[in-house]
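First comes the structure, then the notes that go with it.
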Amino acid sequence: MRVLGIDPGLTRCGLGVVDGVAGRPLTAVAFDVVRTDPAADLGDRLVRIEAEVCRWIELHQPGAVAVERVFSQHNVKTVMGTAQAAGVAIAAATRAGIPVALHTPSEVKAAVTGSGRADKRQVTAVVTRLLKLAEKPSTPDAADALALAMCHIWRGGAQSRLQAAVGFHQTVATR
290 MRVLGIDPGL
300 TRCGLGVVDG
310 VAGRPLTAVA
320 FDVVRTDPAA
330 DLGDRLVRIE
340 AEVCRWIELH
350 QPGAVAVERV
360 FSQHNVKTVM
370 GTAQAAGVAI
380 AAATRAGIPV
390 ALHTPSEVKA
400 AVTGSGRADK
410 RQVTAVVTRL
420 LKLAEKPSTP
430 DAADALALAM
440 CHIWRGGAQS
450 RLQAAVGFHQ
460 TVATR
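For the sequence shown, position 47 matches number 336 in the numbering used here, and the numbering has no gaps at all.
Written out as structure tokens, the structure reads:
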């Protein structure tokens, strides 16, 4: 499975593509950060993020897109920008016919590091080690995007096994 992870942000939007299946080593395909000028027009910034997400979808052909679920923050301006960037990313993936999943920050941290309270430095270190990257991602946003993709692959594998088990038990019960 190939997953595009998106760590939404209006100034820095992390993108990361990971290949693999649950239970096997994962491979980083690409990762980067889309940057927009905080002084630029909001619409122009969102169009830039959308264009990059669309370009990555076309270039990397993911089977799923994992986006960080926006949660309430004390800084309303920050949460608004994050939500707007997430909305643009979700719309781009949906328009391309790619399933979108939302994962909370604590869910991603727990999946990748074992602790839902891990800090950005810890997430970056574990992502770098597990994906066997030559060097750590240049920003926490890129590391978070890779972590989102990893979380989705691992949780998706568990979800598939759970659905198969439920289907098996339902089939046995109806005989």
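Cβ atoms here follow ideal geometry from the backbone N, Cα and C, with glycine treated the same way. Every value quoted in this text rests on a predicted model; they were computed, and no experiment measured them.
Discussion item. Across the region 409-425 and the region 372-382, are there enough close Cβ pairs to call them in contact, namely three or more that are closer than 8 Å?
Written reply: Taking 8 Å as the limit for Cβ pairs, the verdict is that the region 372-382 does not touch the region 409-425.
Fill in: First through last residue of the alpha helix (DSSP H) which encompasses Thr-383
One-based indexing of the sequence shown puts residue 383 at position 94. It spans 365-384 - the alpha helix (DSSP H) in which Thr-383 sits, taken as one unbroken run.
Item to complete: Would you tell me roughly how many angstroms separate the C-alpha atoms of Arg-450 and Ala-328, rounded to the nearest one?
Response: Residue mapping note: residue 450 aligns to position 161 of the sequence shown, counting from 1. Residue mapping note: residue 328 aligns to position 39 of the sequence shown, counting from 1. Annotation note: pLDDT 48 at Arg-450 (below 50); position unreliable, no value reported.
Worksheet item: Ends of the beta strand (DSSP E) at Arg-291?
Response: Looking up residue 291 in the sequence shown gives position 2. Run containing Arg-291: 291-296, per the beta strand (DSSP E) assignment.
Worksheet entry | Spatially closest choice to Ala-319 from Cys-440, Ala-375, Trp-345, Val-368, by CA coordinates | Against the sequence shown, residue 319 aligns to sequence position 30. Checked all of Cys-440, Ala-375, Trp-345, Val-368; the closest Cα to Ala-319 is Trp-345.
Worksheet entry | Supposed contact pair Ala-407 and Lys-398 - C-beta distance, whole angstroms, cut 8 Å | By one-based count along the sequence shown, residue 398 stands at place 109. By one-based count along the sequence shown, residue 407 stands at place 118. Yes, Lys-398 and Ala-407 are in contact; Cβ-Cβ is about 4 Å, under 8 Å.
Worksheet item: With DSSP run on the structure shown, which of helix, strand or coil describes Asp-321?
Response: Position 32 of the sequence shown, counted from the first residue, corresponds to residue 321. Correct three-state label for Asp-321: strand.
Fill in: N- and C-terminal bounds of the beta strand (DSSP E) containing Leu-391
Numbered from its first residue, the sequence shown carries residue 391 at position 102. Run containing Leu-391: 389-392, per the beta strand (DSSP E) assignment.
Worksheet entry | Exposed unless 16 or more other CB atoms sit within 10 angstroms - verdict on Leu-331 | Translated into the one-based positions of the sequence shown, residue 331 becomes position 42. It counts as exposed.
Item to complete: Report the rounded CA-to-CA distance for Val-336 versus Leu-437, giving the unit in angstroms.
Response: Within the sequence shown, residue 336 is the residue found at index 47, counting from 1. Within the sequence shown, residue 437 is the residue found at index 148, counting from 1. A direct Cα-Cα distance of roughly 23 Å separates Val-336 from Leu-437.
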